[in-house]
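In this note's numbering, the protein residues as written are 410 to 543. The beta carbon of each residue, even a glycine, is placed where N, CA and C say it ideally should be. Keep in mind that this is a model prediction, so the values were computed, not measured. Shown next, in C-alpha cells, is the structure this report addresses.
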Amino acid sequence: MRQILTRQEIDYINAFEGVTHVPPKNCFLNGEALFIVMPGKGGRAIGKRGTNVSRLAKMLRKKIRIVEFDDDPLEFIANLIAPIKGKIYKSSEQEICIEVKSVEKAYIIGRDRHRLKYIQRIVAHYFPIIIKVV
Numbered sequence: 410m411r412q413i414l415t416r417q418e419i420d421y422i423n424a425f426e427g428v429t430h431v432p433p434k435n436c437f438l439n440g441e442a443l444f445i446v447m448p449g450k451g452g453r454a455i456g457k458r459g460t461n462v463s464r465l466a467k468m469l470r471k472k473i474r475i476v477e478f479d480d481d482p483l484e485f486i487a488n489l490i491a492p493i494k495g496k497i498y499k500s501s502e503q504e505i506c507i508e509v510k511s512v513e514k515a516y517i518i519g520r521d522r523h524r525l526k527y528i529q530r531i532v533a534h535y536f537p538i539i540i541k542v543v
C-alpha cells in the first residue's frame, strides 16, 4: 500500500531526523506521532534516558512513540502493541490473531475499534494481512 505523506508528516520526519540523527522509515499521526525506524535503531532514536524523545515531544507538542520495524509481521505487531505482551500467531495466510487478557484486549481495540483500525492501517502499509484480537 502506498502512502502519500502530508506536509505536516514531512515536517515531523525532518524534525525527528534532525533531533535523533536516525532516518525514520515512516511517520503516522493520530493524536500522537508514531515513527517507524529500522531494526536496531530504536535505542539510538530514543537517546540516553529518553532525551531525544522528550526534546522532540516538547518541540512538536505531541506524544512521541518510536517502533522498530521488522520483516516478520508477527514481530512488527509485537513491537507496535508493546508494552502489552500476548500470544501473536498466524491463523491463516492473510490473518494474524492477537490473544491477550480482557483488560489488555480493551486497550488494543480502543473505543469504537479506533486503536485497532490505527494498528491495522500501519500494518497494512507493509504487509497484506488482517489483524484479529481474541
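Taking all protein chains shown into account, do 16 or more other C-beta atoms lie within 10 angstroms of the C-beta of residue i, making it buried, or fewer, making it exposed?
| i | result |
| --- | --- |
| Thr429 | buried |
| Leu443 | buried |
| Tyr421 | buried |
| Leu414 | exposed |
| Ala515 | exposed |
I think residue i touches residue j, with their Cβ atoms under 8 Å apart; what is that distance to the nearest whole Å?
| i | j | result |
| --- | --- | --- |
| Val543 | Glu508 | 5 Å |
Over what stretch of residues does the beta strand (DSSP E) that includes residue i continue unbroken?
| i | result |
| --- | --- |
| Glu508 | 504-508 |
Would you mind working out which of the options sits nearest residue i, comparing C-alpha positions?
| i | options | result |
| --- | --- | --- |
| Met468 | Asn423, Ile518, Arg520 | Asn423 |
| Glu426 | Leu465, Tyr516, Ile517 | Leu465 |
| Glu441 | Asp481, Ile493, Lys471 | Lys471 |
For the alpha helix (DSSP H) holding residue i, just list the boundary residues, first then last.
| i | result |
| --- | --- |
| Ile486 | 482-490 |
| Lys526 | 523-535 |
(message) Counting beta carbon pairs with one atom in the segment 500-511 and one in the segment 436-451, are three or more of them shorter than 8 Å?
(response) no
(message) Check whether the segment 471-481 and the segment 427-443 touch, using three or more Cβ-Cβ pairs below 8 Å as the test.
(response) When Cβ pairs closer than 8 Å are counted between the two stretches, the segment 471-481 is seen to touch the segment 427-443, the count reaching three or more.
(message) Assess contact between the segment 487-496 and the segment 522-542, defined as three or more Cβ pairs (one per stretch) separated by less than 8 Å. Is contact present?
(response) yes
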